[in-house]
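Listed below in structure tokens is the structure:
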């Protein structure tokens with residue numbers, strides 16, 4: 572990931588997280604138990620350490636914090652605080668896309684159940700109810716019928732930071748991710764991957780990213796075009812971007828865009844299949860290093876690749892086994908286990924409920940998926956039902 576890339580570049584790495592067991596700490600020269608949402612704490616630490624740059628990994632809210640802290644400390648940064656704020660607000664993005672004519676789902680801004688019910692009736696079912704300032708499926712519900720709207724509103728408002736919510740048209744089509752990088756105001760599209768998602772109630776949770784997309788070339792081109800328009804609309808002229816695009820019969824529409832690397836190992840997949848080091852480029856943009864054109868030139872490394880996420884049985888994790896056998900499967904380039912023994916897995920509802928990921932490459936996309944599935948079968952998560960522990 573990003574921190575491992577920083578170590579490869581010989582940088583002194585200071586990592587912050589409120590979790591003492593955060594996986595990224597293994598790559599840090601200095602570890603600080605500070606929340607990634609603690610803006611004043613991060614600024615004090617960055618100032619005291621006289622850092623050369625601040626970068627947020629594949630999560631939304633710290634993107635704006637990093638931009639503001641960099642601005643106040645006089646540090647280089649790829650995006651302005653204004654652009655960073657746009658990239659972390661689904662509502663403000665919708666407004667920016669509307670102003671710029673970027674295709675997107677129809678939406679209504681609401682503050683309560685009555686408004687949301689009226690919006691849902693207007694847009695039609697199924698529709699999507701979401702918190703405007705969260706990621707990873709927090710506050711997100713696919714509503715199939717009117718009687719389920721009130722509970723979806725409650726979920727969205729509980730997660731919302733702004734006491735508002737969005738009701739959006741549900742676009743019936745394929746969902747792809749366009750991972751790109753902007754340099755000197757020019758958008759460079761890199762991987763366009765299919766998001767293979769879980770069934771309800773885990774709406775929107777990716778179980779795999781697969782490259783190349785199965786879409787026809789003209790539809791892939793359409794997805795790239797709207798992603799480029801979205802990036803321009805919110806002002807990303809430098810640095811990475813991650814755009815979710817909904818592709819239906821009538822064309823491509825932007826779900827959302829983020830001024831950061833993708834959070835599902837998208838950068839690692841890009842490097843494995845195209846040879847472009849997105850993690851290294853993100854560091855370069857955060858430190859104002861020169862970026863050469865050849866660093867952004869894709870050179871095929873494989874015919875297909877995927878990130879396949881792991882899901883553990885519900886219960887308290889006791890042990891993970893089978894990793895060596897999984898690594899021995901053809902085409903496996905990396906395996907990540909996210910949780911340590913003692914973690915309690917609930918039902919799969921959000922991206923944070925996933926247990927790990929496998930990166931695989933092969934001569935084709937389908938072959939890479941088969942390799943990843945075979946490796947996933949070999950990784951075993953031993954869990955104990957929580958109910959049985961409560962009676963011990």
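Numbering (our numbering), first residue to last: 572 to 963.
Don't be surprised by glycine CBs; every beta carbon is placed ideally from N, CA and C.
Worksheet entry | Local Cβ density within 10 Å of residue 611, reported as buried at 16 or more and exposed below that | exposed
Worksheet entry | Under 7 Å between C-beta atoms of residue 598 and residue 616 | In this structure, the beta-carbon distance from residue 598 to residue 616 does not fall below 7 Å.
Practice prompt. Kindly identify the DSSP beta-bridge partner or partners of residue 815.
Written response: 748, 827
Worksheet item: Between the Cα of residue 919 and the Cα atoms of 773, 607, 950, 935, which residue gives the shortest distance?
Response: Among 773, 607, 950, 935, the Cα nearest to that of residue 919 is on 773.
Worksheet item: Residues bridged to residue 782 by DSSP?
Response: 876
Discussion item. Do residue 670 and residue 652 count as a contact pair if the criterion is CB distance below 7 Å?
Written reply: no
Item to complete: Using a threshold of 7 Å, state whether the C-beta atoms of residue 584 and residue 577 are closer than that.
Response: In this structure, residue 577 lies closer than 7 Å to residue 584 by Cβ.
Item to complete: May I have a chain-ordered list of the beta strand (DSSP E) segments no shorter than 3 residues that lie completely inside the segment 895-958?
Response: As far as the segment 895-958 is concerned, its whole beta strand (DSSP E) runs of at least 3 residues are 903-908, 927-933, 951-955.
Worksheet entry | Same chain, Cβ closer than 8 Å to residue 586, five either side skipped, listed in chain order | 574, 593, 595, 596, 598, 599, 601, 602, 603
Worksheet item: What is the DSSP secondary structure of residue 630, reduced to helix, strand or coil?
Response: coil
Worksheet item: My guess is that residue 881 and residue 955 are in contact by the Cβ rule of under 8 Å, so how many angstroms apart are they, rounded?
Response: Actually they do not touch by this definition, with Cβ atoms about 18 Å apart.
Worksheet item: Run through DSSP, which three-state label would residue 729 get?
Response: helix
Worksheet item: Terminal residues of the continuous beta strand (DSSP E) containing residue 758?
Response: 757-768
Discussion item. For a quick check, are the C-beta atoms of residue 805 and residue 667 less than 7 Å apart?
Written reply: yes
Item to complete: Return helix, strand or coil for residue 754, following the three-state DSSP convention.
Response: strand
Worksheet item: Under the three-state reduction of DSSP, which class applies to residue 678: helix, strand or coil?
Response: strand
Worksheet entry | Status (buried if at least 16 other CB within 10 Å, exposed otherwise) for residue 753 | buried
Worksheet item: Can you name, in chain order, every residue of its own chain whose Cβ lies under 6 Å from the Cβ of residue 848, other than the five neighbours on each side?
Response: 842
Worksheet item: Apart from the five residues on each side of it in sequence, which residues of its chain come closer than 7 Å, Cβ to Cβ, to residue 867?
Response: If we look at residue 867 and ignore the five residues flanking it on each side, its Cβ neighbours are 752, 754, 759, 847.
Practice prompt. Name the two residues that bound the continuous beta strand (DSSP E) containing residue 608.
Written response: Neither: residue 608 is in no beta strand (DSSP E) and is coded neither H nor E.
Discussion item. So, for residue 762: in the same chain, excluding its five sequence neighbours on each side, which residues have a beta-carbon less than 6 Å away from its beta-carbon?
Written reply: 750, 782, 841
Worksheet entry | Local conformation of residue 707 per DSSP, three classes | coil
Worksheet item: Taking the C-alpha atoms as reference points, what is the distance between residue 870 and residue 933?
Response: 15 Å
Practice prompt. Could you check how far apart the C-beta atoms of residue 635 and residue 624 are, in whole angstroms? I think they sit under 8 Å.
Written response: With a Cβ gap of about 16 Å, residue 635 and residue 624 do not count as contacting.
Worksheet item: Who are residue 698's beta bridge partners in DSSP?
Response: 714, 740
Worksheet item: Going straight from the alpha carbon of residue 768 to that of residue 925, what length do you get?
Response: 12 Å
Item to complete: Note down, one range per segment and in chain order, each beta strand (DSSP E) of at least 3 residues found wholly within the segment 828-871.
Response: none
Worksheet item: For residue 892, does the three-state DSSP call read helix, strand or coil?
Response: strand
Discussion item. Considering just the uninterrupted stretch of the beta strand (DSSP E) at residue 585, what are its terminal residues?
Written reply: From DSSP, the beta strand (DSSP E) with residue 585 extends over 585-587.
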